[in-house]
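These protein sequences, in sequence, are chains A and B.
Using the working numbering, read the first sequence as starting at 1 and increasing by one per residue.
Using the working numbering, read the second sequence as starting at 243 and increasing by one per residue.
Note that CB positions come from ideal geometry on N, CA and C, so glycine has one too.
Because the structure is a prediction, the values reported are computed rather than measured.
Following: one structure in structure tokens, then a few remarks.
2 protein chains.
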Amino acid sequence: MIYELYYWPSVQGRGEFVRLALEEGGAQYRDVARESGKGTGMAAMMRLLNGRVARPPFAPPFLKAGRLLIGQTANILQFLGPRHGLAPKALAGRLWTHQLQLTIVDFLVEIHDSHHPVAGGLYYEDQRREARRRAADFVMNRLPKFLGYFETVLAQRASGKHYALGAHLSYVDLSLFQIISGLNFAFPRAMAGARRKYPRLLALHSRIQDRPRIAAYLASPRRIAFNNEGIFRHYPELDAAR
Amino acid sequence: MIYELYYWPSVQGRGEFVRLALEEGGAQYRDVARESGKGTGMAAMMRLLNGRVARPPFAPPFLKAGRLLIGQTANILQFLGPRHGLAPKALAGRLWTHQLQLTIVDFLVEIHDSHHPVAGGLYYEDQRREARRRAADFVMNRLPKFLGYFETVLAQRASGKHYALGAHLSYVDLSLFQIISGLNFAFPRAMAGARRKYPRLLALHSRIQDRPRIAAYLASPRRIAFNNEGIFRHYPELDAAR
Numbered sequence: 001m002i003y004e005l006y007y008w009p010s011v012q013g014r015g016e017f018v019r020l021a022l023e024e025g026g027a028q029y030r031d032v033a034r035e036s037g038k039g040t041g042m043a044a045m046m047r048l049l050n051g052r053v054a055r056p057p058f059a060p061p062f063l064k065a066g067r068l069l070i071g072q073t074a075n076i077l078q079f080l081g082p083r084h085g086l087a088p089k090a091l092a093g094r095l096w097t098h099q100l101q102l103t104i105v106d107f108l109v110e111i112h113d114s115h116h117p118v119a120g121g122l123y124y125e126d127q128r129r130e131a132r133r134r135a136a137d138f139v140m141n142r143l144p145k146f147l148g149y150f151e152t153v154l155a156q157r158a159s160g161k162h163y164a165l166g167a168h169l170s171y172v173d174l175s176l177f178q179i180i181s182g183l184n185f186a187f188p189r190a191m192a193g194a195r196r197k198y199p200r201l202l203a204l205h206s207r208i209q210d211r212p213r214i215a216a217y218l219a220s221p222r223r224i225a226f227n228n229e230g231i232f233r234h235y236p237e238l239d240a241a242r
Numbered sequence: 243m244i245y246e247l248y249y250w251p252s253v254q255g256r257g258e259f260v261r262l263a264l265e266e267g268g269a270q271y272r273d274v275a276r277e278s279g280k281g282t283g284m285a286a287m288m289r290l291l292n293g294r295v296a297r298p299p300f301a302p303p304f305l306k307a308g309r310l311l312i313g314q315t316a317n318i319l320q321f322l323g324p325r326h327g328l329a330p331k332a333l334a335g336r337l338w339t340h341q342l343q344l345t346i347v348d349f350l351v352e353i354h355d356s357h358h359p360v361a362g363g364l365y366y367e368d369q370r371r372e373a374r375r376r377a378a379d380f381v382m383n384r385l386p387k388f389l390g391y392f393e394t395v396l397a398q399r400a401s402g403k404h405y406a407l408g409a410h411l412s413y414v415d416l417s418l419f420q421i422i423s424g425l426n427f428a429f430p431r432a433m434a435g436a437r438r439k440y441p442r443l444l445a446l447h448s449r450i451q452d453r454p455r456i457a458a459y460l461a462s463p464r465r466i467a468f469n470n471e472g473i474f475r476h477y478p479e480l481d482a483a484r
């Protein structure tokens, strides 16, 4: 099966969490909104988003898998995980994997809202004052709370088996890689001491980055570069030293 | 099995979505943080939250189900759904049900942040100015977008079968009931025209309210009243007429 991923073409955004799973899982997929030609591109995505499909997604990303049309990032990963060796198949393991992913989703909302505390539909420039307050709280309180949580989860696994679930890689590890990559881009000053404070998370980030399929993906044109249109944005005035 | 729910004792919050499913599903459960006595109450909740449990939750609510400890509201509902006749068992139906629930979760974050756009850890009074801007955008843009989406989902089902999935009640319907109830409390002016704009959602709300188990629950002391400590808060200055 060739999956069809639909996501905004110019940013990594939430689509990137799905891309990383598809790449590491060795899945065949099309990134439809980034293609050009008949029946592709943004037009194809908007047709499904606004169309009279039986199960309409609220927002991208969504994934076509045969006759299934699946929305919500964590839901897509939950679907892909067991199919591509990126999640356990037993109930308890599946629930825990998904629970961690949903916590990453919560974190991601807060990362986004650090620069858009008033409205996603307004420009950053129209909410700079509010963003300074929100980002200050984010860097001081929320960032350490979330990173500390995931560091604890990693620390609880047996030593030397530094994946979130223990010995086996999962989509959660790929998502944590993306979170750390994005935070390094957006908040380089706040993240300066991270290697000391969150050694397991940072080691996980390096290890994922070096995996052959991920390394090949990151070096390919399929990987969109971080930019200030996405979820992770670098505004020096929001990146306070901690 | 007697489930153990853990959630902050004085607000409905995210715990309420789980309570509604447990009540409608006829499940036996304890609401542990609201109990008093040895091994119960907030102390019992904080022990699991900060403790060295194998799979620590990031935040309440979480549910003990035998040996499982499950965190994240939507994850808990996904677990309970098929066990209590509140979700389909087949893959496509499960994914769609969960996708709708995750969209409700997104909506809930935006409802909360309408009065807390800067930081959940600060008082409302310390972010009133920012809240006025955020709530204005929420009422103008986000509220109609989310409600319009769920109205469309209801409209796509066969007429007379007004549940989100069609003929069968699911935890999504219970959560939509809670969303509408909360919005009516928090934004009475903005919701004044809702019965005309979102007739199916409002009819669903009435129908769920009248279900025997839900009606009994709502009339019982187990139902915490809405109050201005929770996710849904009534601040007249944030409730602009639309």
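Every alpha helix (DSSP H) of 4 residues or more that sits fully in the region 32 to 104 of chain A is shown, in chain order, as 41 to 50 and 73 to 83. Per DSSP, the beta bridge partners of Leu5 of chain A are A:Asp31 and A:Leu63. Residue contact with chain A for His326 of chain B: absent (no Cβ-Cβ distance below 7 Å to any residue of chain A). Contact residues of the region 60 to 76 of chain A toward chain B are Leu68, Ile70, Gly71, Gln72, Ala74 and Asn75 (C-beta to C-beta distance below 7 Å). Leaving aside the five residues that flank Tyr459 of chain B on each side, the residues in its chain whose CB is nearer than 7 Å to its CB run, in chain order, Glu265 and Arg465. Chain B has a Cβ within less than 7 Å of the Cβ of Phe58 of chain A. Nearest Cα to Pro298 of chain B within the set B:Gly308, B:Gly335, B:Gly313 and B:Pro478: B:Gly313. Of A:Glu110, A:Val105, A:Arg94 and A:Arg200, the smallest CA-CA separation from Glu151 of chain A is found for A:Arg200. Within chain A, the residues placing a beta-carbon under 8 Å from that of Gly363 of chain B are Asp137 and Asn141, ordered along the chain. Cβ neighbours of Glu372 of chain B within its own chain (closer than 6 Å, five residues either side excluded): Pro359 and Val360. Note on Leu91 of chain A: under 16 other CB atoms within 10 angstroms of its CB, so exposed under the neighbour-count rule.
Listed along the chain, the chain B residues whose CB falls inside 7 Å of the CB of Ala92 of chain A are Leu310. As computed with DSSP, Gly408 of chain B is found in a beta bridge with B:Tyr405. Counting only the Cα atoms, Phe259 of chain B lies some 29 Å from Arg52 of chain A. In chain order, Pro251 and Ala275 place their CB closer than 7 Å to the CB of Met284 of chain B, counting only its own chain and leaving out the 5 sequence neighbours on each side. Selection A:His115, A:Ala136 and A:Ala135 evaluated against Asp126 of chain A yields A:His115 as nearest (Cα-Cα).
In this structure the region 341 to 354 of chain B does not lie against the region 444 to 453 of chain B, because fewer than three pairs of beta carbons, one per stretch, are closer than 8 Å.
Between Gly25 of chain A and Leu80 of chain A the beta-carbon gap is near 6 Å, inside 8 Å, which marks them as a contact.
Between Asn75 of chain A and Gln341 of chain B, the gap from beta carbon to beta carbon is short of 7 Å. Between the alpha carbons of Gln101 of chain A and Arg19 of chain A lies a gap of roughly 15 Å. The C-beta separation of Leu176 of chain A from Leu204 of chain A comes to about 6 Å, placing the pair in contact by the 8 Å criterion. According to the DSSP assignment, Ala436 of chain B belongs to the alpha helix (DSSP H) that extends over Ala436 to Lys439. If you compare the alpha carbons of A:Asp137, A:Phe146 and A:Tyr124 with that of Asn228 of chain A, the shortest gap goes to A:Tyr124. The Cβ atoms of Ala428 of chain B and His476 of chain B lie closer than 7 Å to each other. The beta carbon of Gln12 of chain A sits closer than 6 Å to those of Ile224 and Gly230, all from its chain and outside the five residues before and after it, given in chain order. Non-local C-beta neighbours of Gly335 of chain B in its own chain, meaning closer than 6 Å and more than five positions away in sequence, are absent.
Between Glu479 of chain B and Ala457 of chain B, the alpha-carbon positions lie close to 32 Å from each other. In summary, Ser220 of chain A is exposed, with fewer than 16 beta-carbon neighbours lying within 10 Å of its beta-carbon over all protein chains present. By the neighbour-count criterion, in which a residue is buried when 16 or more other Cβ atoms sit within 10 angstroms of its Cβ, Met45 of chain A is buried.
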